[in-house]
Amino acid sequence: MKKNKQHKPNKIELGRGQINDNALAALVTSKLFKLQVVKAKKGKGSFARKAKHQGQEPYLMVA
Numbered sequence: 012m013k014k015n016k017q018h019k020p021n022k023i024e025l026g027r028g029q030i031n032d033n034a035l036a037a038l039v040t041s042k043l044f045k046l047q048v049v050k051a052k053k054g055k056g057s058f059a060r061k062a063k064h065q066g067q068e069p070y071l072m073v074a
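This note's numbering runs 11 ahead of the 1-based position in the sequence shown.
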């Protein structure tokens, strides 16, 4: 005897509630596809200045 398996639709939480028009556009613009910017810990681009120099400009601003 074969059991009838009911296929459950794959629901991905988009954080948008009910989608009425374009499901693909809602999927691409959801939090699922949001880019994450990861700060490098080693190598090029990983140099960070000390906190005491944060917000200071290397030259004098003349208005």
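Idealized CB from N, CA, C, for every residue including glycine.
In this structure, does DSSP put residue i in helix, strand or coil?
| i | result |
| --- | --- |
| Q58 | The sequence shown places Phe at residue 58, rather than the Gln named in the question. F58 falls in the coil class under three-state DSSP. |
| V39 | helix |
| K45 | coil |
| K63 | helix |
| A51 | coil |
Only counting the same chain, and skipping five residues up and downstream in sequence, which positions put a Cβ closer than 6 Å to that of residue i?
| i | result |
| --- | --- |
| A59 | none |
| S57 | A51 |
What does a CB cutoff of less than 8 Å around residue i pick up in its chain, not counting 5 residues either side in sequence?
| i | result |
| --- | --- |
| Q67 | none |
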